[in-house]
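So the protein lines, in turn, are chains C and D. The first sequence begins at 11 in this note's numbering and counts up by one. The second sequence begins at 11 in this note's numbering and counts up by one. Here is the structure we will look at.
Number of protein chains: 2
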Amino acid sequence: MNAPTGRLAESLTLPQPYLLFLGDTAEASFGKTALGLADWARDRCVGELSLPGCNFTTGLPRLSLDEARAAGARSLVIGVANQGGVIGESWLPTLVMAMEAGLDIVSGLHARLASVPALAEAARRTGRRLIDVRVPPSDIPVATGRKRSGKRLLTVGTDCALGKKYTALALHRAFLARNIDADFRATGQTGIMIAGGGMPMDAVVSDFEAGAAEILSPDAPDDHWDLIEGQGSLFNPAYAAVSLGLLHGSQPDVFVVCHDPSREMVLGFDGYAMPSIEEVIDLTIRLGGRTNAAIRCVGVSLNTSAYSEAAAAALIAAEQARLGLPVADPIRGGPAFEALVESCLS
Amino acid sequence: MNAPTGRLAESLTLPQPYLLFLGDTAEASFGKTALGLADWARDRCVGELSLPGCNFTTGLPRLSLDEARAAGARSLVIGVANQGGVIGESWLPTLVMAMEAGLDIVSGLHARLASVPALAEAARRTGRRLIDVRVPPSDIPVATGRKRSGKRLLTVGTDCALGKKYTALALHRAFLARNIDADFRATGQTGIMIAGGGMPMDAVVSDFEAGAAEILSPDAPDDHWDLIEGQGSLFNPAYAAVSLGLLHGSQPDVFVVCHDPSREMVLGFDGYAMPSIEEVIDLTIRLGGRTNAAIRCVGVSLNTSAYSEAAAAALIAAEQARLGLPVADPIRGGPAFEALVESCLS
Chain C
11 MNAPTGRLAE
21 SLTLPQPYLL
31 FLGDTAEASF
41 GKTALGLADW
51 ARDRCVGELS
61 LPGCNFTTGL
71 PRLSLDEARA
81 AGARSLVIGV
91 ANQGGVIGES
101 WLPTLVMAME
111 AGLDIVSGLH
121 ARLASVPALA
131 EAARRTGRRL
141 IDVRVPPSDI
151 PVATGRKRSG
161 KRLLTVGTDC
171 ALGKKYTALA
181 LHRAFLARNI
191 DADFRATGQT
201 GIMIAGGGMP
211 MDAVVSDFEA
221 GAAEILSPDA
231 PDDHWDLIEG
241 QGSLFNPAYA
251 AVSLGLLHGS
261 QPDVFVVCHD
271 PSREMVLGFD
281 GYAMPSIEEV
291 IDLTIRLGGR
301 TNAAIRCVGV
311 SLNTSAYSEA
321 AAAALIAAEQ
331 ARLGLPVADP
341 IRGGPAFEAL
351 VESCLS
Chain D
11 MNAPTGRLAE
21 SLTLPQPYLL
31 FLGDTAEASF
41 GKTALGLADW
51 ARDRCVGELS
61 LPGCNFTTGL
71 PRLSLDEARA
81 AGARSLVIGV
91 ANQGGVIGES
101 WLPTLVMAME
111 AGLDIVSGLH
121 ARLASVPALA
131 EAARRTGRRL
141 IDVRVPPSDI
151 PVATGRKRSG
161 KRLLTVGTDC
171 ALGKKYTALA
181 LHRAFLARNI
191 DADFRATGQT
201 GIMIAGGGMP
211 MDAVVSDFEA
221 GAAEILSPDA
231 PDDHWDLIEG
241 QGSLFNPAYA
251 AVSLGLLHGS
261 QPDVFVVCHD
271 PSREMVLGFD
281 GYAMPSIEEV
291 IDLTIRLGGR
301 TNAAIRCVGV
311 SLNTSAYSEA
321 AAAALIAAEQ
331 ARLGLPVADP
341 IRGGPAFEAL
351 VESCLS
């Protein structure tokens, strides 16, 4: 175990606004990062840049590098992924020119930007930064367990990839619409790009996992909310360590359980049945209570994308009656979602 | 979250037997690694080497580098720590000469061996290896959750630093004395040096924590036991992520709870009361049951070093009556410890 340090560490911060780079990507399904940014951080994206062969758009203005720079862009974000998470050979001339035009490069791909000699050389020459959002800061301290000021909400899940980021973003938007002082605290690549900063929790060394969550949501005014993007699930046989470190370090006052009722088995793990919403509530309170005894569940976010509107409405009503908690699909919104927001703030 | 890979990864292995290096360390309290090795891996230590200024001994023969090499030593282990975990300037000539004599260098210090230019240069020149046991292998896969063959025991704790390594080692010794096929599986620096290999669980990236535990105790014959050294505690506000990843990936059939009855607060965390043994049993079964539904507690290891022999015996008897489980202090041994061993095997 590592000894606590007295240093003040910070989570990642990214230079905004962005120019979204779509490469020569033929399928929109590989452009989730760019599309997510256009959805959730449109006011911090000046436009998009694509190469011949690309046939999707985020709907943002198509700009040259110089036009993007003139519009205030401070970085080019690689908004597409391809098989294997590598950096496309055909992208390199544009990425080098972007640095020459004064933009930093931001990537969430597996391959590190600086591992590409042409990019490393251009960064040295131009003085621009190569920022991998999968790489955590180097000086993360061990958690202290000290209770911090301000209010915190964490989205937790019955599994991976079923709406924890989306739910936190939707709640953040709803809080801001109510003039509540709130920050979205990102814990994964796409969330970090949307927020312009955060902590890639799954890439942090285990001994520092709770410490990373502590510095992600520092002391704040008493009426300030941090809406923290959850990761994984306490019931996931591979990723529960990430979820528990995030829960302990976040010290949430309240949490929302995210669930996809159409999923029967844990994604990618044969033989592992999904836990029930009640099991997740119970275990989250039990484990989260260690660092915040007042933790409580304020509602459920159902991902009903697999259902018709009528079926989704019936499912939401049935779950709400069964659990005695507000239940909503943030994508469908409506009065159910308003009730979930009110429950968070109650 | 990272995608599972099909690679076969392995835990660390160290070149044995060792020559124990004590440096110029004046106090035996800084020589815990060397003393632990002399206690638990004496048959794999050819001797010790100290510099002027050192005034403690492991009791092993004092050898020159050439004598150690002739006695079969394959590596020199830095068996002492000093303030800050750095590599002593005064040690460097000896470490360089050790490499020239054909020995690899093994270190559990915070500072990486290769970060010292004189050592990096000597390693290049001699072809010897610089092995930091705090550095995990680079190709750890994501956990699969697949049940593995063979039997597994994990020591878990009510806190850090109260006997989880010692208990696993003592059980391993007792199992071997009964001619049971068993391996001690090390998860921390000292344990790894004793075992000659293992996995530094607290240094593994969170996403791979359970995967690291899986490769540490691979498939084995049905009557083979892995005795796995626990780390941290599920109740520790900083290190619970390490403990949960280790628990999920180890898939223990049985576990022993390690506890120090004289400790009232979690080490280093003001305001965090120690959990009860019953709470640890209950939570370990609940969380461990996710990857091995048959998990059960087979007993309790009490660290009674703060008590007189009579007080310790009374404490052990009282806890045993209260919990209805075998309770023993492995350091004190005796019939209570034999009963604990039998319970593990029952």
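Idealized CB from N, CA, C, for every residue including glycine.
From the options, pick the residue whose C-alpha is nearest to that of residue i; which is it?
i: Ala250 of chain D; options: C:Arg84, C:Val152, C:Leu123, C:Gly281; result: C:Val152
i: Arg84 of chain C; options: C:Asp114, C:Asp233, C:Asn246, C:Ala323; result: C:Asp114
i: Ser253 of chain C; options: C:Arg158, C:Ser227, C:Val264, C:Ala220; result: C:Ala220
i: Asp149 of chain C; options: C:Arg332, C:Leu22, C:Asn302; result: C:Leu22
i: Phe40 of chain C; options: C:Leu61, C:Tyr28, C:Ala91, C:Gly82; result: C:Ala91
i: Tyr282 of chain D; options: D:Pro247, D:Ala321, D:Gly94, D:Asp229; result: D:Pro247
i: Pro62 of chain C; options: C:Ala36, C:Glu288, C:Asp193; result: C:Ala36
i: Arg162 of chain C; options: C:Ile190, C:Ala346, C:Gly98, C:Glu288; result: C:Ile190
i: Ala328 of chain C; options: C:Ile341, C:Ala346, C:Pro340; result: C:Ala346
i: Gly416 of chain C; options: D:Thr154, D:Leu102, D:Leu140; result: Any answer about residue 416 of chain C is impossible in this case: the structure gives chain C only from 11 up to 356.
i: Gly344 of chain D; options: D:Gly334, D:Ala323, D:Leu333; result: D:Ala323
i: Gly98 of chain D; options: D:Leu129, D:Tyr317, D:Ala222, D:Phe185; result: D:Leu129
By Cβ distance below 7 Å, which residues in the same chain neighbour residue i in space, the five residues on each side in sequence not counted?
i: Asp76 of chain D; result: Ala111
i: Asp300 of chain D; result: A quick correction: the sequence has Arg, not Asp, at residue 300 of chain D. If we look at Arg300 of chain D and ignore the five residues flanking it on each side, its Cβ neighbours are His258.
i: Lys175 of chain C; result: Gly198, Thr200, Gly201, Glu239
i: Ile291 of chain D; result: Val267, Cys307
Mind checking residue i: buried by the 16 CB within 10 Å criterion, or exposed?
i: Asp53 of chain C; result: exposed
i: Asn313 of chain C; result: buried
i: Asn65 of chain C; result: exposed
i: Leu319 of chain C; result: In the sequence under discussion, the amino acid at residue 319 of chain C is Glu, which differs from the Leu named in the question. Exposed, because fewer than 16 other Cβ atoms sit within 10 Å of the Cβ of Glu319 of chain C.
i: Ala187 of chain D; result: exposed
i: Gln261 of chain D; result: buried
i: Leu96 of chain C; result: According to the sequence provided, residue 96 of chain C is Val. The question's Leu does not apply to it. Exposed is the call here.
i: Lys157 of chain C; result: exposed
i: Glu131 of chain D; result: exposed
i: Gly263 of chain D; result: Per the sequence presented here, residue 263 of chain D reads as Asp, with Gly not at that position. Answer is buried; the Cβ neighbour count reaches 16.
i: Ala180 of chain D; result: buried
i: Gly309 of chain C; result: buried
i: Thr15 of chain C; result: Reliability of the predicted coordinates at Thr15 of chain C is poor, the pLDDT of 46 falling under 50, and no value is obtained from them.
i: Pro127 of chain D; result: exposed
i: Gly208 of chain C; result: buried
Given this structure, state the Cα-to-Cα distance separating residue i from residue j, to the nearest angstrom.
i: Arg72 of chain D; j: Gly57 of chain D; result: 6 Å
i: His234 of chain C; j: Ile305 of chain C; result: 17 Å
i: Leu355 of chain D; j: Leu237 of chain D; result: 12 Å
i: Thr104 of chain D; j: Cys55 of chain D; result: 18 Å
i: Arg79 of chain C; j: Phe31 of chain C; result: 14 Å
i: Glu20 of chain C; j: Leu119 of chain C; result: 22 Å
i: Ala13 of chain C; j: Val276 of chain D; result: Caution applies to Ala13 of chain C, whose pLDDT of 46 falls short of 50 and renders its modelled position unreliable; the model cannot decide the point.
i: Arg296 of chain D; j: Thr67 of chain C; result: 48 Å
i: Ile204 of chain C; j: Gly94 of chain D; result: 39 Å
i: Ser243 of chain C; j: Pro271 of chain C; result: 15 Å
i: Leu325 of chain D; j: Ala338 of chain D; result: 10 Å
i: Ala124 of chain D; j: Arg138 of chain D; result: 12 Å
i: Asp34 of chain C; j: Gly46 of chain C; result: 18 Å
i: Leu102 of chain D; j: Leu24 of chain D; result: 21 Å
i: Ala133 of chain D; j: Arg135 of chain C; result: 33 Å
i: Phe218 of chain D; j: Asp212 of chain C; result: 8 Å
i: Val214 of chain D; j: Val214 of chain C; result: 8 Å
i: Ile225 of chain D; j: Ala321 of chain C; result: 44 Å
i: Asp232 of chain D; j: Ala192 of chain D; result: 11 Å
i: Cys357 of chain D; j: Glu289 of chain D; result: The question about residue 357 of chain D has no answer here: the residues shown for chain D are numbered 11 through 356.
i: Gln241 of chain C; j: His182 of chain D; result: 37 Å
Using 8 Å for Cβ pairs, my map puts residue i next to residue j. What's the rounded Cβ distance?
i: Ile88 of chain C; j: Val116 of chain C; result: 7 Å
i: Gly206 of chain D; j: Gln26 of chain D; result: 5 Å
i: Cys268 of chain D; j: Leu164 of chain D; result: That belief does not hold up - the Cβ atoms of Cys268 of chain D and Leu164 of chain D are roughly 10 Å apart, past 8 Å.
i: Arg273 of chain D; j: Glu239 of chain D; result: 19 Å between Cβ atoms; not a contact.
i: Pro336 of chain C; j: Ser315 of chain C; result: Actually they are not in contact, since the Cβ atoms of Pro336 of chain C and Ser315 of chain C sit about 19 Å apart, beyond 8 Å.
i: Asp397 of chain C; j: Ser159 of chain C; result: Nothing in the structure corresponds to residue 397 of chain C, since chain C is present only between 11 and 356.
i: Ser216 of chain C; j: Gly334 of chain D; result: With 8 Å as the limit, Ser216 of chain C and Gly334 of chain D do not qualify as a contact, their Cβ atoms being about 34 Å apart.
i: Thr168 of chain C; j: Ile287 of chain C; result: 7 Å
What residues in its chain sit with their C-beta under 8 Å from that of residue i, if we drop five residues either side in the sequence?
i: Pro210 of chain C; result: Leu22, Val143, Arg144, Val145, Pro146, Thr197, Gly198, Gln199, Ile202
i: Arg17 of chain C; result: Summary for Arg17 of chain C: the model assigns pLDDT 48, below 50, so the residue's position carries little reliability, and this model does not support an answer.
Going along the chain, which residues of its own chain have a beta-carbon closer than 6 Å to the beta-carbon of residue i, five neighbours each way excluded?
i: Phe245 of chain C; result: Pro285
i: Leu86 of chain C; result: Leu29, Phe31, Ala108, Leu113, Ile115
i: Leu350 of chain C; result: Gly309, Pro336, Ala338
Using Cβ-Cβ distances below 7 Å, what residues of the region 90-111 of chain C are close to chain E?
Note that chain E does not occur in the displayed structure, where the protein chains are C and D.
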